[in-house]
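Peer 1: Got a structure here, written out as structure tokens. Questions coming.
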């Protein structure tokens with residue numbers, strides 16, 4: 001296995017697939033959109049505060065002049081052809097004249113300040129003899145005083161520049177208290193928010209280019225080099241179903257697509273199990289939260305629907321979860337209480353109602369977990385379960401974090417690996433599988449969980465389809481062994497009442513033919529099979545009628561549209 005993984009990793013770089021990158025980006029953005037929103041909010045707040053802190057209102061005060069050139073006689077050269085040309089030339093020379101340190105000192109002395117409070121600009125109106133002087137600054141009153149000082153003092157330094165040129169004031173300066181840049185933080189805030197948005201998208205882009213996860217069947221086969229058992233769509237609980245404990249296939253609210261996907265996976269698993277004579281199946285994943293426990297539970301239910309007896313064991317003794325997923329009362333205990341004979345088998349093992357599934361699901365976490373997983377009691381319980389049921393399913397802890405799964409692998413014939421779509425990095429999964437390969441337990445295949453196209457539980461699968469409450473089974477005879485005490489266990493009618501404590505020897509337990517309740521049988525009768533078949537046919541007929549009705553409605557709409565076009 002190790003060599004095959006190395007070959008798959010070292011085959012070289014794959015060509016860039018733009019569509020896959022875009023798809024990866026969109027998936028990453030669905031996960032990381034909150035980062036972008038956070039950056040937008042932070043940058044918007046920073047932009048608003050920055051604008052508020054640095055905002056300075058700017059006022060302008062303007063004075064307008066008309067320029068008239070002096071009269072020239074014929075003996076002199078005519079320097080200016082007209083007044084508009086004179087205004088254009090004077091706007092440049094007059095600007096240099098005013099905006100110099102000498103004139104600034106005159107204005108400062110006149111105003112009694114030690115700084116230049118305004119910026120002075122001089123400009124000519126095109127194709128006219130009009131000249132404008134503008135003073136701009138943060139103090140409207142001071143702008144007015146600066147213009148007044150310019151009009152008062154320009155003559156003392158401008159005679160040698162403008163000579164006898166006449167300047168007539170057309171517009172007197174006034175105090176303008178409306179700023180040229182009104183207080184408007186919105187534009188600045190939006191600009192900073194956009195900057196934050198672009199920065200916030202960077203993680204999604206980096207994720208699309210550099211983070212490799214398992215996203216489809218091809219990734220499972222090429223990247224992990226393991227058999228592909230199938231995909232399970234994600235399930236979203238709608239408003240009225242949020243209190244449901246789990247998404248098991250016994251839940252009537254679970255959609256048809258999920259049930260069909262689970263049935264397909266079960267068919268592949270059952271085929272491989274029978275082909276290789278595997279009886280003990282270990283279900284695990286790389287990390288917590290990938291849905292392995294839900295799959296283990298549904299695999300047990302699916303095998304049960306195939307008339308198989310299943311023992312389901314919660315092997316995660318540190319954080320047991322199966323007890324909370326079974327919609328049935330389960331006693332509270334620790335695994336060591338059962339293994340050390342502190343409680344009876346009938347107290348620990350429960351027959352899930354309406355199924356052929358026996359569950360050993362402790363509700364309390366254990367200490368010194370490796371000790372109990374490695375114990376002789378655990379080994380013998382699993383070995384004896386082989387003789388009682390058709391299949392044993394062990395819901396193991398994630399195998400990348402602890403060695404618990406590797407310990408449980410010693411008792412297993414095969415492993416089913418659950419991978420949540422676009423959740424764990426490929427390298428992490430490969431490393432975990434490489435380490436787990438040293439257990440020599442064959443990998444039955446990989447199940448891709450929580451795929452795109454999630455199901456809403458508003459669409460039920462059929463009210464009457466599934467196992468009826470009378471199709472259970474039970475044991476009346478108890479059993480005991482040298483490891484668990486002679487308590488035995490048994491299940492009465494409907495799978496919800498326990499039989500009397502057994503006093504059967506270990507030899508009898510292994511060899512004696514088990515009798516069953518008079519009310520409940522281990523094998524489904526012909527009448528029960530017929531009832532199940534009729535229910536299934538009724539469901540399929542209902543689905544077909546809905547489809548036919550939909551097609552008829554579409555055809556009627558098309559005919560109606562055709563008639564309107566014809567008219």
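Residue numbers (my numbering): 1 to 567.
Cβ coordinates follow ideal geometry from the N, Cα and C atoms, glycine included.
Given the structure is predicted, the values throughout are model-derived calculations rather than measurements.
(1) At 3 residues or longer, and completely inside the segment 259-303: list those beta strand (DSSP E) runs for me, N to C.
(2) Report the option in 294, 231, 206 whose CA atom is closest to the CA atom of residue 268.
(3) Where residue 391 and residue 538 are concerned, what is the direct C-alpha to C-alpha distance, given to the nearest angstrom?
(4) Buried or exposed for residue 336, please, with buried defined as at least 16 other CB atoms from any protein chain shown within 10 angstroms of its CB.
(5) Take residue 366 as the anchor and find which of 354, 346, 334 has the nearest alpha-carbon.
(6) So residue 356 and residue 412 are supposed to be a Cβ contact under 8 Å. How far apart are they, rounded?
(7) Using the three-state DSSP reduction, which class does residue 233 fall into: helix, strand or coil?
(8) Roughly how many angstroms lie between the CA atoms of residue 326 and residue 18, to the nearest whole one?
(9) State the start and end residues of the unbroken beta strand (DSSP E) segment that holds residue 26.
(10) If you pair each beta-carbon of the segment 203-213 with each one of the segment 421-436, do three or more pairs fall below 8 Å?
(11) Using the Cα positions of residue 227 and residue 553, report the straight-line distance between them to the nearest angstrom.
(12) Could you tell me how far apart the beta carbons of residue 283 and residue 369 are, in whole angstroms, since I believe they sit closer than 8 Å?
(13) If we ignore side chains and look at the alpha-carbon of each, how far apart do residue 201 and residue 195 end up?
(14) Return the first residue and the last residue of the alpha helix (DSSP H) that residue 200 is part of.
(15) Could you say which of 127, 119, 168 lies nearest to residue 144 if we only look at CA atoms?
(16) When the Cα atoms are used, what is the spatial distance from residue 575 to residue 137?
(17) Would you decide whether residue 198 is buried or exposed? Buried here means 16 or more other CB atoms lie within 10 Å of its CB.
(18) Determine whether the beta carbon atoms of residue 403 and residue 432 lie at a separation below 7 Å.
(19) Alpha carbon to alpha carbon, how far is residue 74 from residue 111?
(20) Comparing alpha-carbon positions, which option in 309, 386, 341, 396 lies nearest residue 354?
(21) Pick out whichever of 247, 224, 223 has its Cα sitting closest to the Cα of residue 234.
(22) Is DSSP giving residue 133 helix, strand or coil here?
(23) Could you spell out the range, first to last residue, of the beta strand (DSSP E) harbouring residue 65?
(24) Count the other C-beta atoms from every protein chain shown that fall within 10 angstroms of the C-beta of residue 421, then say buried if there are 16 or more, exposed otherwise.
(25) Are the CB atoms of residue 302 and residue 266 within a distance shorter than 7 Å?
(26) Around the C-beta of residue 52, are 16 or more other C-beta atoms found within 10 angstroms, so that it is buried, or is it exposed?
(27) Classify residue 387 as helix, strand or coil using the three-state DSSP reduction.
(28) Closest by CA to residue 42, which one among 177, 67, 192?
(29) In chain order, what residues of the same chain have a beta carbon less than 6 Å from the beta carbon of residue 20, not counting five sequence neighbours either side?
(30) Within 10 Å of its beta-carbon, does residue 372 have 16 or more other beta-carbons around it, so buried, or fewer, so exposed?
(31) Who are the Cβ neighbours of residue 281 in its own chain at under 8 Å, not counting the five residues just before and after it?
(32) What residues match up with residue 250 in a beta bridge as DSSP calls it?
(33) From 312, 306, 123, pick the residue whose C-alpha is nearest to that of residue 135; which is it?
(34) Could you tell me the boundaries of the beta strand (DSSP E) in which residue 321 lies?
(35) DSSP beta-bridge partners for residue 446?
Peer 2: On the basis of the coordinates in this document:
(1) 280-285
(2) By 1-based counting over the chain shown, the position of residue 268 is 268. The residue with the shortest Cα to Cα distance from residue 268 is 231.
(3) Residue numbering aside, residue 391 sits at position 391 when the chain shown is read from its first letter. Residue numbering aside, residue 538 sits at position 538 when the chain shown is read from its first letter. Their backbone Cα atoms lie some 31 Å apart in a straight line.
(4) In the chain shown, residue 336 corresponds to position 336, counting from 1. Buried, because 16 or more other Cβ atoms sit within 10 Å of the Cβ of residue 336.
(5) Translated into the one-based positions of the chain shown, residue 366 becomes position 366. For residue 366, the nearest C-alpha among the options comes from 334.
(6) If you number the chain shown from 1, residue 356 lands on position 356. If you number the chain shown from 1, residue 412 lands on position 412. Residue 356 to residue 412, Cβ: 21 Å. No contact.
(7) Along the chain shown, read from residue 1 onward, the residue named residue 233 stands at position 233. Three-state result, residue 233: strand.
(8) By 1-based counting over the chain shown, the position of residue 326 is 326. By 1-based counting over the chain shown, the position of residue 18 is 18. Computed Cα separation, rounded: 44 Å.
(9) Locating residue 26 in the chain shown gives position 26, where the first residue counts as 1. Looking at the DSSP string, residue 26 is not in any beta strand (DSSP E); the run it does join, the alpha helix (DSSP H), is 18-54.
(10) yes
(11) Within the chain shown, residue 227 is the residue found at index 227, counting from 1. Within the chain shown, residue 553 is the residue found at index 553, counting from 1. Answer to the nearest angstrom: the Cα atoms are 43 Å apart.
(12) The residue given as residue 283 occupies position 283 in the chain shown. The residue given as residue 369 occupies position 369 in the chain shown. No, residue 283 and residue 369 are not in contact; Cβ-Cβ is about 18 Å, not under 8 Å.
(13) Position 201 of the chain shown, counted from the start, is the residue given in the question as residue 201. Position 195 of the chain shown, counted from the start, is the residue given in the question as residue 195. In a straight line, the C-alpha of residue 201 is about 10 Å away from that of residue 195.
(14) Counting from 1 along the chain shown, the entry for residue 200 is found at position 200. Note, residue 200: alpha helix (DSSP H), 185-210.
(15) Counting from one through the chain shown, the residue named residue 144 turns up at place 144. If we check each option's Cα against that of residue 144, 119 comes out closest.
(16) Because the chain in this structure spans residues 1 to 567, residue 575 falls outside the shown range and cannot be described.
(17) Position 198 of the chain shown, counting from 1, holds the residue named residue 198. It is exposed - the Cβ of residue 198 has fewer than 16 other Cβ atoms within 10 Å.
(18) Position 403 of the chain shown holds residue 403. Position 432 of the chain shown holds residue 432. No, Cβ-Cβ distance for residue 403 and residue 432 is not below 7 Å.
(19) Position 74 of the chain shown holds residue 74. Position 111 of the chain shown holds residue 111. Reliability of the predicted coordinates at residue 74 is poor, the pLDDT of 44 falling under 50, and no value is obtained from them.
(20) Along the chain shown, read from residue 1 onward, the residue named residue 354 stands at position 354. Nearest of 309, 386, 341, 396 to residue 354, Cα basis: 309.
(21) Here the question's residue 234 lines up with position 234 in the chain shown. The option with the nearest alpha carbon to residue 234 is 247.
(22) Within the chain shown, the letter at position 133 stands for residue 133. The answer is strand: DSSP assigns residue 133 an E or B state.
(23) Within the chain shown, residue 65 is the residue found at index 65, counting from 1. Taken as a continuous stretch (DSSP letters only), the beta strand (DSSP E) holding residue 65 covers 59-68.
(24) Taking the chain shown and counting its residues from 1, one reaches residue 421 at position 421. Classification for residue 421: buried.
(25) On the chain shown, residue 266 is found 266 positions in, with the first residue counted as 1. On the chain shown, residue 302 is found 302 positions in, with the first residue counted as 1. Yes, they are a contact pair.
(26) As a position in the chain shown, residue 52 is number 52, starting the count at 1. Classification of residue 52: exposed, given that the 10 Å Cβ count is below 16.
(27) Here residue 387 corresponds to residue number 387 of the chain shown, with the count starting at 1. It is helical.
(28) As a working mapping, residue 42 is identified with position 42 in the chain shown. Checking every option, the nearest Cα to that of residue 42 belongs to 192.
(29) Taking the first residue of the chain shown as 1, we reach residue 20 at position 20. Within the same chain, residue 20 has no close Cβ partners at all.
(30) Taking the chain shown and counting its residues from 1, one reaches residue 372 at position 372. Counting Cβ neighbours within 10 Å, residue 372 comes out buried, since at least 16 surround it.
(31) Looking up residue 281 in the chain shown gives position 281. So the list reads 269, 273, 299, 391, 392, 393, 394, 412, 413, 414, 415, 416, 444, once near-sequence residues are dropped.
(32) Locating residue 250 in the chain shown gives position 250, where the first residue counts as 1. For residue 250, which the question treats as bridged, DSSP gives no partner whatsoever.
(33) Sequence index remark: in the chain shown, residue 135 carries index 135 (1-based). Checked all of 312, 306, 123; the closest Cα to residue 135 is 123.
(34) Counting from one through the chain shown, the residue named residue 321 turns up at place 321. Element bounds for residue 321: n/a, residue is neither H nor E.
(35) Start at 1 with the first residue of the chain shown, and residue 446 comes out as number 446. BP columns for residue 446 point to 228, 417.
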